[in-house]
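Working notes, beginning with the structure itself.
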Amino acid sequence: MRRPKAPSSNSSNLRAQSRLGEIRTRIDELDSQIASMLNERLQLAGELTEVKAQLGMAIKDRSREEQVLDRVSKIGETEQMRNAIRNTYERLFELSRQIQQENAIDPQVTTYFPQVTIFGVGLIGGALARLIKRRLPETKIIGVDKEEVLAEALEQGLIDKGIADQKAALQRSSLIILAASPAQNIEILKEIAPMLSKGKLVIDVTSSKGKIGQLAEELNLKGADFIGGHPLFGSERSGLKAALDLTVEGSTFCVVPGQKSSEISVRRLSRWLTTLSFHVEVVGALEHDAVLARTSHLIQLVAVLIGSQISKDISDADLLKFARLSGPGLRQFSRLMKSPPPLWQEIVEQNKTDIVAALTELEKGIDDLLSSLKKDESCEYLEQLFGTASRLPAALNS
């Protein structure tokens, strides 16, 4: 009895080639359908701009995005596929927001501040310059900083000109941004006040608003306007090089008017910042400093305190053992532990009253927790504590 011949390698290759062609044909069909649907999807993103503007809604709607991500990721048959779908849609949301932001640019806004002077082209100043050049490329930017910093900023295309002389740097600029350290910003404002004139707007990016806002009220700004500002982005690193890696689009920018700030300037600045892709929050100085003491400054100090408590009086070998046994919570805090001390010394000094109040509240919370542990009432107390804390993540993601 003859055995059936084994299929030749040629016939196997022919079948594989045929199947490859079938798969590619189907992929081409799907790609055409996907491209057509993507085109319609992104066109609708453009229409969203006008509707959201009418409703006073921000371009970024994180709660809506999370609903969509949860829905579409369930389509995947495996965890790998679900993650791939989710990542694809997150990228799609980025493109959608980009289109909405581009459509939201008001041609009139581009004429508000045709020339901007930035004092301090470091982390924040450099990031702002980069964003301005990306969103409003016709804007001329003058940088004031150390010679080597200005040379790097010019090379990176972040500024059009670097000037050391303050008076010359202010000429023809309708917007002046104080983006140096908190203490330096106060000194710069004192120095440039006599050189200002009507039609100029000065803003700062200091993390606390009380001291510099009070100074602006007391100084004679020669008809210029002052509005406090605070962009809510940053890094544990400092300097211009760190600014190049910083993603700032879609961040919140606090606009903090003083008693003398004109409503027209507040509206113009807010519209200009919105064009740069910021979500603008207009807030008073007292409220800003009280809130930031608890949502930013306290977090920074607690992170440093935890790092110091673990690291003090311990050998390098034991510290490495601690590191190996550390969970993700400590690693997230570790980024804050690398922040530059001089900057935080100035922030704490300028917002000391609110920071002391925030620390006192935290101290009370720790005392209550200790008391519940000592009285063997920790289960009930922890349930209450976690329940209260769980409200915050929901608010942050809204």
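Under the working numbering, the residue at position 337 of the sequence shown is numbered 336, and the numbers go up by one with no gaps.
All C-beta atoms, glycine included, are put in the ideal place defined by N, C-alpha and C.
- request: Inspect the beta-carbon positions of L195 and A223 and report whether they are closer than 8 Å.
  value: Walking along the sequence shown from the start, residue 195 turns up at place 196. Walking along the sequence shown from the start, residue 223 turns up at place 224. For the pair L195 and A223, the CB atoms are nearer than the 8 Å cut-off.
field: Reduced DSSP secondary structure (H/G/I, E/B, other) of P256
entry: Within the sequence shown, numbered from 1, the residue matching residue 256 stands at position 257. Of the three classes helix, strand and coil, the one that applies to P256 here is strand, per DSSP.
query: Where do the N-terminal and C-terminal ends of the beta strand (DSSP E) with L135 fall, by residue?
result: Walking along the sequence shown from the start, residue 135 turns up at place 136. It is not in any beta strand (DSSP E) - L135 carries neither H nor E in the DSSP assignment.
message: Quick check: the Cα distance between S234 and Q383, rounded to an integer number of angstroms?
response: Translated into positions along the sequence shown, residue 234 becomes position 235. Translated into positions along the sequence shown, residue 383 becomes position 384. Cα-Cα distance, rounded: 33 Å.
field: Cβ shell of A182 (< 6 Å), same chain only, five flanking positions each side left out
entry: The residue you call residue 182 lines up with position 183 of the sequence shown. The residues are E345.
- request: Assign K320 to one of two classes, buried (16 or more other C-beta atoms within 10 Å of its C-beta) or exposed (fewer than that).
  value: One-based indexing of the sequence shown puts residue 320 at position 321. Residue burial annotation: K320 is exposed, with fewer than 16 other C-beta atoms found within 10 angstroms of its C-beta.
- prompt: Using CA coordinates, which residue listed in E76, A128 and Q349 is at the minimum distance from H296?
  reply: Here residue 296 corresponds to residue number 297 of the sequence shown, with the count starting at 1. Among E76, A128 and Q349, the Cα nearest to that of H296 belongs to Q349.
task: Ignore the nearest five residues each way along the sequence and tell me which others in N358's own chain have a CB closer than 8 Å to its CB.
output: Locating residue 358 in the sequence shown gives position 359, where the first residue counts as 1. Checking the displayed sequence, the identity of residue 358 turns out to be Leu instead of Asn. Residues of the same chain with a CB within less than 8 Å of the CB of L358, apart from the 5 flanking positions on each side, are L297 and L300 in chain order.
message: Could you tell me the alpha carbon to alpha carbon distance between A272 and A394, rounded to whole angstroms?
response: Mapped onto the sequence shown, residue 272 falls at position 273. Mapped onto the sequence shown, residue 394 falls at position 395. Note on residue identity: the sequence assigns Leu, not Ala, to residue 272. Approximately 23 Å, taken between the alpha carbons.
- prompt: What residues in its chain sit with their C-beta under 6 Å from that of Q114, if we drop five residues either side in the sequence?
  reply: If you number the sequence shown from 1, residue 114 lands on position 115. Correct list, in chain order: K139, R171 and S172.
field: Extent of the continuous alpha helix (DSSP H) run through F385
entry: In the sequence shown, the residue the question calls residue 385 occupies position 386. Residues S377 to A388.
- request: Can you give me the Cβ contacts of L335 inside the same chain, cut-off strictly under 8 Å, excluding the 5 residues immediately before and after it?
  value: Locating residue 335 in the sequence shown gives position 336, where the first residue counts as 1. Listed in chain order, the non-local C-beta contacts of L335 below 8 Å within the same chain comprise E235, I298, Q299, A302 and V303, local neighbours out to five positions each way being set aside.
field: First and last residue of the uninterrupted beta strand (DSSP E) at T274
entry: One-based indexing of the sequence shown puts residue 274 at position 275. Run containing T274: none in the beta strand (DSSP E); it sits in the alpha helix (DSSP H), E262 to T274.
- request: For the alpha helix (DSSP H) containing I346, list its first residue and its last residue.
  value: On the sequence shown, residue 346 is found 347 positions in, with the first residue counted as 1. From DSSP, the alpha helix (DSSP H) with I346 extends over P340 to Q349.
- prompt: Around the C-beta of L200, are 16 or more other C-beta atoms found within 10 angstroms, so that it is buried, or is it exposed?
  reply: As a position in the sequence shown, residue 200 is number 201, starting the count at 1. Burial call: buried.
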